[in-house]
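Enquirer:
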Amino acid sequence: MSVCRFLECLRLPLFLAATIPLFSNASLAADWSVKEIRLGATASIQTKSTFESGFYPTVVLYFDPLDSANAATWREKLLRPQLHAGLSVSSAGNASQVYAGFNWKVDITDRVFLDLGFGGTVHNGDLDDDGTDGPKLGCSLLFHEYAAAGFRVTDKVDILATIDHSSNADLCDVNDGISHAGLMLAYKF
1360 MSVCRFLECL RLPLFLAATI PLFSNASLAA DWSVKEIRLG ATASIQTKST
1410 FESGFYPTVV LYFDPLDSAN AATWREKLLR PQLHAGLSVS SAGNASQVYA
1460 GFNWKVDITD RVFLDLGFGG TVHNGDLDDD GTDGPKLGCS LLFHEYAAAG
1510 FRVTDKVDIL ATIDHSSNAD LCDVNDGISH AGLMLAYKF
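Be aware that the sequence shown starts at 1360, since it is given in the working numbering, and climbs by one per residue.
Set out below in structure tokens:
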């Protein structure tokens, strides 16, 4: 058994152990309804042989079971992130992803904000360096992080410029990663 495969086997148990506080009695009783949906498209921003053609229709659902919306201080906001789950599908047969994680919104003004997220993803891309173009990802489970700059059009509608990256943090033999940038339209319920 290689180190990569051993670490890959430990990822799920470690992730579950880290998220146990989310499933305490208080969080299970919390409001798990969808608070926001984002729809948009991204495209590869990688270069040369790791570039992926086509575009990626994307949908992301946001939940607030930890009541981040009512956090008063920056410490409370840090300790009470929102949760997100998303899907990014390749229009050209490249790596599609299903991902989930935590995210934090920071208001810059009453209309401009930043949104940062971290979590994990499962993809259907190439794992090994087989001589073909496109990113070689090494593992099926990757870390997924994103950043977005948003503008509140109305109380219910935002428009965001996004950038995201998924990689295995060199835990597996190959690690080209996947990087996309795009635009999203958000609707808050």
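We put the beta carbon where it would ideally sit given N, CA and C, even for glycine. Computed from a predicted model, the values in this text were never measured in an experiment.
Assuming R1434 is part of the alpha helix (DSSP H), what are its boundary residues?
Expert: What you label residue 1434 is simply residue 75 of the sequence shown in a count that begins at 1. Per DSSP, R1434 belongs to the alpha helix (DSSP H) from 1433 to 1438.
Enquirer: How big is the Cα-Cα spacing for I1522 and A1389?
Expert: As a first step, residue 1522 is located in the sequence shown; it is residue number 163 there, counting from the start. As a first step, residue 1389 is located in the sequence shown; it is residue number 30 there, counting from the start. Cα to Cα, the separation comes out at about 30 Å.
Enquirer: If F1445 sits next to V1419, beta carbons under 8 Å apart, how far is it from one beta carbon to the other, in whole angstroms?
Expert: Here residue 1445 refers to the residue found at position 86 when the sequence shown is read from its first residue. Here residue 1419 refers to the residue found at position 60 when the sequence shown is read from its first residue. The sequence shown places Gly at residue 1445, not Phe. Contact holds; Cβ gap of about 4 Å.
Enquirer: Give a yes or no on whether the C-beta atoms belonging to L1519 and L1398 are separated by under 7 Å.
Expert: Residue mapping note: residue 1519 aligns to position 160 of the sequence shown, counting from 1. Residue mapping note: residue 1398 aligns to position 39 of the sequence shown, counting from 1. Against a cut-off of 7 Å, the Cβ pair of L1398 and L1519 comes out as no contact.
Enquirer: If contact is defined by three or more beta carbon pairs under 8 Å, each pair taking one atom from either stretch, is the segment 1477 to 1494 in contact with the segment 1442 to 1456?
Expert: yes
Enquirer: So, for V1448: in the same chain, excluding its five sequence neighbours on each side, which residues have a beta-carbon less than 7 Å away from its beta-carbon?
Expert: As a position in the sequence shown, residue 1448 is number 89, starting the count at 1. Counting only Cβ-Cβ distances below 7 Å, and skipping sequence neighbours, we find Y1415, P1416, S1455.
Enquirer: Among the candidates H1503, F1422, G1497, whose CA atom is the shortest distance from the CA of D1529?
Expert: Translated into the one-based positions of the sequence shown, residue 1529 becomes position 170. When each option's Cα is compared against that of D1529, the closest is G1497.
Enquirer: Once you ignore the five residues that flank Q1441 on each side, which residues in its own chain have a CB closer than 6 Å to its CB?
Expert: Working through the sequence shown from its first residue, we reach residue 1441 at position 82. Around Q1441: Y1421, D1423, S1427, N1462.
Enquirer: Assuming V1516 and Y1546 are in contact, meaning their beta carbons sit under 8 Å apart, how far apart are those beta carbons, in whole angstroms?
Expert: Within the sequence shown, numbered from 1, the residue matching residue 1516 stands at position 157. Within the sequence shown, numbered from 1, the residue matching residue 1546 stands at position 187. The Cβ separation is near 6 Å, so the contact holds.
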